[in-house]
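Here is the structure we will look at, set down as structure tokens.
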Amino acid sequence: MTSLKATVCLLCVVTYLGCKNSNSVGNETNKRFISSESNVDTLRAVSAPLKIKDFPRQENIDTLEKRMIEANLIDVSLLNPDIKVNLRYASDSNFLNQAIYKSLKRAYLEESAAKKLAIAQILLTTEHPGTHILVWDAARPISCQRIMWNALDMPSIEKGRFVSNPRNHSLHNYGCAVDVTLCDSSGAPKEMGTDFDQFDSIAQPRYEWRMNYTGKLSDEAIRNRKILRKVMIAAGFSTISSEWWHFNSCSREYAKANYAVIE
Ligand SMILES: [Zn+2]
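Rendered as structure tokens:
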């Protein structure tokens, strides 16, 4: 009964957020959520109180992942298996050309952020079947933030353009920010205009109109960025003006007051 009540409440929240943030996500979409059994299952999963120990765990997880689990962070793929993950800092396919996360392969987030991402995927599946959220980075321990900071050989003032100073804590360090793109069912990323961690004007939503007008950013990239923003905002995330892939689930002040930094 409690679980059913929670599901109904969540449906109301999704509908409310959809109506508030987007014209086409509303009652019709909500009806489609209810008519799809897999979506109802996912909504139940994200609505029920989470029991971490109930989730299946793989053996031989590395110490980094252990710290995530001990911090009560949630593996987003367990909440919604339609979410795909390719942690770019687990390989050398990032702006540092270094694997920072070693063997970590799963994306962890603070519980409410993980639920929001699961809802964003439900909205995406409903409006664009076959399209998936692809997570490039999620919770990032402060120890990894320090490695990234120290790996850049340049004055601190310049480093701040590429990486948050670990002394200030990024929202990633609380599991409250996520870097995502869209991909197809095979995991191939959609056209977004730039790759992850490309720090020039084309990557910055504040310059999108100008970049599109001057032919540097395609109509397709603009369309895909809008689809991504629409579902993420409807699910409760907020955007930033400098990186199209980055979304926050709360303010830095709220995270500081309510969550611990992941060591
Ligand atoms: Zn980010």
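Numbering of the sequence shown is given in this note's numbering, commencing with residue 1304 and proceeding in unit increments. Yeah, the Cβ is synthetic: ideal placement off N, Cα and C, and Gly gets one too.
Item, Value
"Within 8 Å, strictly: CB atoms of L1412 and V1379", "yes"
"Enclosing alpha helix (DSSP H) for T1484 [first to last residue]", "Not the alpha helix (DSSP H): T1484 falls in the beta strand (DSSP E), residues 1480 to 1486."
"Three-state class that DSSP yields for S1473 in the structure shown", "coil"
"Straight-line Cα distance separating R1526 from E1511", "11 Å"
"Three-state class that DSSP yields for I1445 in the structure shown", "helix"
"Enclosing alpha helix (DSSP H) for L1382 [first to last residue]", "1379 to 1382"
"Proximity of G1496 and S1467 at Cβ, strictly below 8 Å", "no"
"Residue burial classification, Y1562 (beta-carbon count within 10 angstroms, cutoff 16)", "buried"
"H1475 CB to nearest heavy atom of ligand 1 below 7 Å", "yes"
"For T1428, the three-state DSSP class (helix, strand or coil)", "helix"
"Secondary structure of K1405, DSSP reduced to three states", "coil"
"Heavy atom of ligand 1 within 7 Å of E1546 beta-carbon", "yes"
"Which of helix, strand or coil DSSP assigns to P1458", "coil"
"A1480: CB within 7 Å of a non-hydrogen atom of ligand 1", "yes"
"Reduced DSSP secondary structure (H/G/I, E/B, other) of I1530", "helix"
"Distance cut-off 7 Å: D1522 Cβ against heavy atoms of ligand 2", "This structure lacks ligand 2; the ligands present are ligand 1."
"8 Å contact criterion, which L1485 and L1531 should meet: CB distance rounded", "5 Å"
"Neighbour-count burial assignment, P1458, 16 or more Cβ in a 10 Å radius", "exposed"
"Residues of its chain near P1548, where Cβ-Cβ distance is below 7 Å and the 5 sequence neighbours each way are ignored", "Note on residue identity: the sequence assigns Trp, not Pro, to residue 1548. Excluding sequence neighbours, W1548 sits near W1439, D1482, V1483, T1484, F1499."
"Residue-chain proximity (Q1401, chain D), Cβ-Cβ < 8 Å", "Reference to chain D is not applicable here, since this structure consists of a single protein chain."
"Contacting residues, own chain, Cβ-Cβ under 7 Å from H1431 (five flanking each side not counted)", "I1530"
"Contact test: H1472 Cβ vs ligand 1 heavy atom, cutoff 7 Å", "no"
"Cβ separation of A1558 and C1479, assumed to be a contact under 8 Å, to the nearest whole Å", "5 Å"
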